[in-house]
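What follows is a single structure, written as structure tokens, with notes after it.
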DNA sequence: GTCTATAGCCCGATAGAC
DNA sequence: GTCTATCGGGCTATAGAC
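Residue numbers (the numbering used here), protein chains in the order written: chain C, 2 to 193; chain P, 2 to 193.
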């Protein structure tokens, strides 16, 4: 990937996070990336094409980060909790979650698909850890691991929403501690 | 409120839900409401002013609906569950939650405040029901009622996000059933 | 690969007539 | 109260030169 294309993708990742899809203009991308109009349209067919490249990079970065945090020698439940408590730029919101508010992103299959795949991948990873905990006799086996994983993902996404509305990270942190306390209440012999 | 102003507020509520704040133009509002430009600017100073009126109406409608659903002679925990299972246009997203993705809404105190107040009111209402359940000996008294209420709000908001990404109501429903199962596991003598 | 020019349209708001 | 005209600017994309 050429240097100009590289900078365009990086800049688009930033602007999609800050301003959303509808709020990000090709002009703004070019200005911040220091790349001319002709150059941008040489490398990317359209705004949607560039946004797709930015989305794909953001989702793979987020998945790689989650995988890093959920790996290690610790008990599976501890790794899920570590992921839940992962420090985040809460008031900036979720880079990919916020894109779901944009009607054009949702209406465009190509732009929606990476979001779905990313959430599916993260949910599956958490679900696998919960099942692992159940098989090791460390978590109530009667729980639906996939449902709890989905709930966990939802708490995080919803936490961002509440925090941005409040103008404070407090609701995010409270929601996270709430779900952790409910899950740990179903843990077996996990008191260290 | 005059008939024109009334139609403008109603139409703006619809458009904010469908297209967001940045995606809703005064022109689009006027066209759908069947009200001319001059008329609109006679009743409302600006787009933000009209959006504020629409936001206020939407939040008071949502709070009234929640209050209706969480009232009744049933046990407090049942009323919380009934609220959680309340039928919703899931794929349209939350009318007010989605506005938190807009940077201009978040940056404008007047437009952010109604969102914060609505989420605070709903969280407080759920929290009160959870405490009521605890005082009646129907819910584990060691739980932090306010934190669980915040978690509950977050699950709903995050459920919308996951559902819109997936293009399916399934993740929303799964997340809701997950949190219900975790809360009911802390219920005392609630098996009917 | 990158440049400038231009197209055609929409934006949010104001002015002043009626 | 509602109308039309108009402002200065931004939007996404294409064309054709260099």
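Built from N, CA and C at the ideal position, the CB exists for glycine as well. Computed from a prediction, not measured in an experiment: that's the story for all the values here.
Going along chain P, which residues have a C-beta under 7 Å from residue 214 of chain C?
Here chain C has residues from 2 to 193 only, and residue 214 of chain C is not among them.
Do you know how far the Cα of residue 164 of chain P is from the Cα of residue 35 of chain C?
37 Å
For residue 41 of chain P, count neighbouring C-beta atoms within 10 Å of its own C-beta (all shown protein chains included) and say buried if the count is 16 or more, exposed if not.
buried
Cβ closer than 8 Å: which chain P residues qualify as neighbours of residue 104 of chain C?
19, 20, 21, 24
Since residue 64 of chain P is in the alpha helix (DSSP H), which residue starts that stretch and which ends it?
48-70
Kindly indicate which residue of C/71, C/8, C/128, C/88 has the alpha-carbon position closest to the one of residue 54 of chain C.
C/8
Which of helix, strand or coil does DSSP assign to residue 188 of chain C?
strand
For residue 100 of chain C, the nearest candidate out of C/18, C/186, C/58 (CA to CA)
C/18
Are the CB atoms of residue 149 of chain C and residue 86 of chain C nearer to each other than 8 Å?
no
Just verifying my parser: in three-state terms, what is the DSSP assignment at residue 140 of chain C?
strand
Would you list, in chain order, the members of the region 179-191 of chain P that have their beta-carbon closer than 8 Å to a beta-carbon of chain C?
179, 180, 182, 183, 184, 186, 187
Output needed in chain order: residues of the region 105-137 of chain C with a Cβ under 7 Å from some Cβ in chain P.
107, 113, 116, 117, 120
Pull up the CB-CB distance for residue 102 of chain C and residue 94 of chain P, whole angstroms please, since I reckon it's below 8 Å.
7 Å
Which word fits residue 139 of chain P, buried or exposed, when buried means at least 16 other C-beta atoms lie within 10 angstroms of its C-beta?
buried
Residue environment, residue 98 of chain C, which counts as buried when at least 16 other CB atoms sit within 10 Å:
buried
Rounded distance between the beta-carbons of residue 5 of chain C and residue 44 of chain C, thought under 8 Å:
6 Å
In chain P, which residues lie less than 7 Å from residue 165 of chain C when you measure between Cβ atoms?
101, 107
Determine whether the Cβ of residue 155 of chain P lies closer than 8 Å to any Cβ atom of chain C.
yes
Enumerate in chain order the residues of its own chain whose CB-to-CB distance from residue 135 of chain C is below 8 Å, with the five nearest sequence positions on each side excluded.
141, 142, 144, 146
Pick from C/189, C/133, C/120: whose alpha carbon is nearest that of residue 156 of chain C?
C/120
Looking only at C-alpha atoms, which of C/77, C/123, C/106, C/96 sits nearest to residue 68 of chain C?
C/123
Can you tell me whether DSSP reads residue 182 of chain C as helix, strand or coil?
helix
Please determine, among P/76, P/117, P/112, P/82, the residue with the shortest C-alpha to C-alpha distance to residue 184 of chain P.
P/82
Suppose you measure from the CA of residue 110 of chain P to the CA of residue 32 of chain C; what does that come to, to the nearest Å?
28 Å
Using a Cβ-Cβ distance under 8 Å, would residue 140 of chain C count as near chain P?
no
Quick one: which chain P residues come within Cβ less than 7 Å of residue 176 of chain C?
151, 152, 155
Give me, in chain order, the residues of the same chain whose beta-carbon lies closer than 7 Å to that of residue 92 of chain P; leave out the 5 immediate sequence neighbours on both sides.
164, 165, 170
Chain P contact residues for residue 81 of chain C, given Cβ-Cβ distances below 7 Å
Those do not exist, as residue 81 of chain C stays about 13 Å from chain P at its closest Cβ, beyond 7 Å.
For residue 105 of chain P, report the span of its alpha helix (DSSP H) as first-last.
104-108
Using 10 angstroms around the beta-carbon of residue 125 of chain C, count the other beta-carbons present and answer buried if the total reaches 16, otherwise exposed.
exposed
Residues of the region 54-75 of chain C with a CB closer than 7 Å to any CB of chain P: list them in chain order, please.
none
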